[in-house]
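Each residue of the sequence shown is one higher than the last, beginning at 18 in this note's numbering.
C-beta atoms are modelled at their ideal positions from N, C-alpha and C, and glycine is treated no differently.
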Amino acid sequence: MGEAQVSLKHLYRVFTKPEHKDSKLAQIEQHLSDNIMDFLSQHVVTKKTSLEEIEKDFSQAGVPESPEFVSAHAESLLEKLVAHSVNTYSPTFIGHMTSALPYFHLPLAKLLVGLNQNLVKIETSKAFTPLERQVLGMMHNLIFDESDAFYDAHLHSARHALGAFCSGGTVANITALWVARNKLLGPRPGFNGVAKAGLAAAYRHYDINNLGVICSKRGHYSLSKAVDALGLGREQLLTLPCPAQTLRPEDALKAGLEYQAQGNKVLAIVGIGGTTETGHVDPLDELADVAKELGCWFHVDAAWGGATLFSSTNRSKLKGISRADSVTMDAHKQMYVPMGAGMAIFKNPEDANAVRHHAQYILREGSKDLGATTLEGSRNGMAMMVYSTLHILGRRGYELIIDQNIEKAQTFARMINTHPQFMLTTSPTLSLLTYRVCPASVQQALEKVSPQECDKLNQKLDQLVVAVQKAQREAGKSFVSRTRLECAELDGKAITVFRVVLANPLTTEQDLANILEEQALLAQKMRLWKELDKRAMAMLKHASV
Ligand SMILES: *Cc1c(COP(=O)(O)O)cnc(C)c1O
18 MGEAQVSLKH LYRVFTKPEH KDSKLAQIEQ HLSDNIMDFL SQHVVTKKTS LEEIEKDFSQ
78 AGVPESPEFV SAHAESLLEK LVAHSVNTYS PTFIGHMTSA LPYFHLPLAK LLVGLNQNLV
138 KIETSKAFTP LERQVLGMMH NLIFDESDAF YDAHLHSARH ALGAFCSGGT VANITALWVA
198 RNKLLGPRPG FNGVAKAGLA AAYRHYDINN LGVICSKRGH YSLSKAVDAL GLGREQLLTL
258 PCPAQTLRPE DALKAGLEYQ AQGNKVLAIV GIGGTTETGH VDPLDELADV AKELGCWFHV
318 DAAWGGATLF SSTNRSKLKG ISRADSVTMD AHKQMYVPMG AGMAIFKNPE DANAVRHHAQ
378 YILREGSKDL GATTLEGSRN GMAMMVYSTL HILGRRGYEL IIDQNIEKAQ TFARMINTHP
438 QFMLTTSPTL SLLTYRVCPA SVQQALEKVS PQECDKLNQK LDQLVVAVQK AQREAGKSFV
498 SRTRLECAEL DGKAITVFRV VLANPLTTEQ DLANILEEQA LLAQKMRLWK ELDKRAMAML
558 KHASV
């Protein structure tokens with residue numbers, strides 16, 4: 018189908034830009050553009066097809082032998098791919114941190130791909146390099162608020178970097194801990210430093226058993242990847258229990274002192290500026306004190322919550338973030354930029370030099386090439402999307418959106434609290450919350466019956482939450498995610514809960530009410546619901562005699 022000629026003439030045509038406005042390629046472009054608009058105005062899931070069915074469309078391992086016409090290929094993409102994508106723009110898609118984007122990103126994306134600049138070195142990026150440095154400076158300013166003289170001196174300095182732009186929060190966390198590691202195990206007389214000599218030699222030289230990183234159980238799994246990739250080992254990520262959802266400074270200090278008493282060294286404490294699961298913020302100011310006492314690096318993972326700094330009302334929730342040595346920010350989360358935009362920001366502009374790399378053909382000494390201090394090599398100009406969004410929305414625009422998201426989460430929390438068939442499990446600090454669906458009788462029973470009986474009810478409730486979440490996702494009108502959480506109220510035992518992220522500015526209160534109604538209806542139709550109700554009634558009757 019749609020097979021084209023195998024000739025250089027045909028291939029040259031594929032490489033050249035459309036000749037005029039109504040050429041074939043321009044028409045295809047318009048067609049795709051119309052189709053995507055159509056798709057984005059539909060439900061979360063347009064076509065209910067199983068993953069197994071979809072896999073059949075992608076089952077050929079062989080490289081296609083002959084070229085295909087672009088028009089024919091575009092049709093096949095629309096049919097096989099677009100029609101089965103998830104509409105993350107939908108106002109009722111409130112389960113994950115990926116949400117609707119401002120429309121201007123579509124034409125800007127064309128510019129980005131059209132220019133295809135490579136930020137690894139100035140020779141392939143020119144103006145994009147100063148732009149990216151400015152964006153990193155803006156984030157630095159938002160977090161650390163240094164003087165104008167500071168930014169004048171460092172923004173475009175070849176010997177400094179205010180941060181590292183990368184593909185996302187994962188690489189930002191790895192980059193931050195990489196810098197921390199290389200600084201701690203740096204060169205000194207008689208030792209070339211970990212970057213050159215390797216980790217084993219560094220441990221011998223510095224007389225260290227192990228290097229560890231402290232965070233709470235709610236730490237993002239990218240931290241576990243980071244300690245693995247940096248050679249520390251996953252067992253050296255000390256994840257401390259946090260039944261109240263935030264890391265207690267006294268626990269962090271105790272764990273750090275105990276660890277160091279065994280001949281180990283704490284590399285870093287990671288405070289979370291908005292956990293991925295519940296949106297709680299660790300006590301950053303107190304954790305900065307602990308880091309100081311342990312003599313270690315202080316990293317704040319603000320991949321999701323960092324954007325809260327735009328809001329003068331809510332930025333105090335991240336109090337202490339300016340005492341961090343490094344901060345992770347994800348512009349593709351609450352900064353409404355397409356995926357592929359993470360940043361590690363360094364308080365001290367000298368720190369990134371701990372990972373600086375020089376190569377003869379590129380990244381020459383004294384050059385302003387950004388590739389010298391980033392983990393990734395070739396990178397596109399995503400910083401432009403951040404730059405443009407910062408300008409088009411402005412701080413005050415972001416502030417409005419962030420404040421509205423948090424207020425909406427508070428409204429949703431009230432709706433859950435007043436609804437007889439739902440229970441709020443964590444209330445929103447930022448725009449995230451978790452809750453469960455639960456018969457009123459079970460809610461009563463949970464207050465009155467023995468811990469053993471509560472356990473039984475909770476296990477069944479977990480199954481109910483899973484079943485309702487799946488049924489809702491399959492129905493395709495709306496999407497809420499689920500997770501497992503340890504709760505202070507249950508002596509740290511884990512329960513399964515719905516998880517909601519209110520990031521889409523177009524989600525209305527009516528949407529939220531509808532989502533609750535849909536969940537209540539789905540739940541009440543389930544056999545599990547009736548079983549739970551019956552069991553709770555029996556327990557209550559028994560408890561009252
Ligand atoms: C999303 C997230 C990450 C990982 O970011 P990616 O962009 O998915 O790599 C890390 N930490 C936190 C707190 C996050 O919310």
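Buried or exposed by the 16-neighbour rule on C-beta atoms within 10 Å, applied to residue i
i, result
"ASP55", "exposed"
"GLY359", "buried"
"ILE409", "exposed"
"HIS297", "buried"
"ARG150", "buried"
"LYS200", "buried"
"ASN133", "exposed"
"LEU274", "exposed"
"HIS37", "exposed"
"LEU450", "buried"
Residue i to residue j span [Cα, whole Å]
i, j, result
"PRO266", "TYR120", "43 Å"
"ILE337", "ASP74", "Reading off the sequence shown, one finds Gly at residue 337, where the question assumed Ile. Going from the Cα of GLY337 to the Cα of ASP74 covers about 51 Å."
"TYR227", "SER174", "Correcting the residue type first, residue 227 is Asn in the shown sequence and not Tyr. Computed Cα separation, rounded: 35 Å."
"GLU310", "ILE160", "23 Å"
"GLY112", "ILE433", "16 Å"
"LYS558", "ARG552", "10 Å"
"ALA540", "GLU424", "27 Å"
"SER107", "ALA217", "51 Å"
"LEU441", "GLN476", "17 Å"
"GLU367", "HIS27", "52 Å"
"LYS213", "LEU249", "16 Å"
"ALA369", "THR390", "6 Å"
"GLU96", "ALA21", "20 Å"
"ARG501", "VAL485", "15 Å"
"THR146", "GLN279", "45 Å"
"PRO124", "GLN277", "53 Å"
"ALA563", "ALA305", "For the chain, the structure presents residues 18 to 562; residue 563 sits outside this window and is missing."
"PRO260", "THR295", "12 Å"
"THR524", "ARG205", "56 Å"
"SER67", "HIS101", "10 Å"
"VAL244", "GLY394", "21 Å"
"GLU416", "TYR353", "13 Å"
"TRP195", "GLY79", "39 Å"
"LEU148", "ALA341", "25 Å"
Any non-hydrogen atom of ligand 1 within 8 Å of residue i CB
i, result
"ASP245", "no"
"TRP546", "no"
"MET399", "no"
"THR9", "Because the chain is modelled from 18 through 562, residue 9 falls outside the range shown and cannot be assessed."
"THR293", "yes"
"VAL230", "no"
"ARG188", "Looking at the sequence itself, residue 188 is Val, so the reference to Arg does not match. VAL188 Cβ: within cutoff of ligand 1."
"ASP318", "yes"
"TRP195", "no"
"GLY359", "yes"
"TRP321", "yes"
"ILE289", "yes"
"GLY185", "yes"
"SER448", "no"
"LYS350", "yes"
"HIS374", "no"
"MET402", "no"
"SER498", "no"
"MET114", "yes"
"HIS237", "yes"
Runs of 3 residues minimum, wholly inside the region 229-282: which ones carry the beta strand (DSSP E) assignment? 254-257
Report the residue ranges of all alpha helix (DSSP H) runs contained in full by the region 276-344; include only those spanning at least 4 residues, in chain order. 301-311
Residue ranges of each alpha helix (DSSP H) run of no fewer than 4 residues wholly in the region 155-231, ordered along the chain? 165-171, 186-201, 211-214, 216-223
For the pair the region 91-103 and the region 38-54, tell me if three or more CB-CB distances fall below 8 Å. yes
Those runs of the beta strand (DSSP E) which lie wholly inside the region 432-504 and span at least 3 residues: 439-443, 449-454, 498-503
Pairing CB atoms from the region 179-188 with CB atoms from the region 343-361, are three or more of them under 8 Å? yes
Would the region 472-484 count as touching the region 543-550 if we require 3 or more Cβ pairs under 8 Å? yes
Three-pair Cβ contact test at 8 Å for the region 323-335 versus the region 228-236: no
State whether the region 524-536 contacts the region 466-475, with contact taken as three or more CB pairs (one from each stretch) at a distance under 8 Å. no
With three or more beta-carbon pairs closer than 8 Å as the criterion, would you say the region 516-527 touches the region 414-431? yes
Could you give the uninterrupted runs of the alpha helix (DSSP H) lying entirely in the region 54-84, keeping only those of 4 residues or more? 68-73
Cβ pair count under 8 Å reaching 3, the region 183-198 against the region 339-351: yes
Complete runs of the alpha helix (DSSP H) confined to the region 515-542 [at least 4 residues]: 526-541
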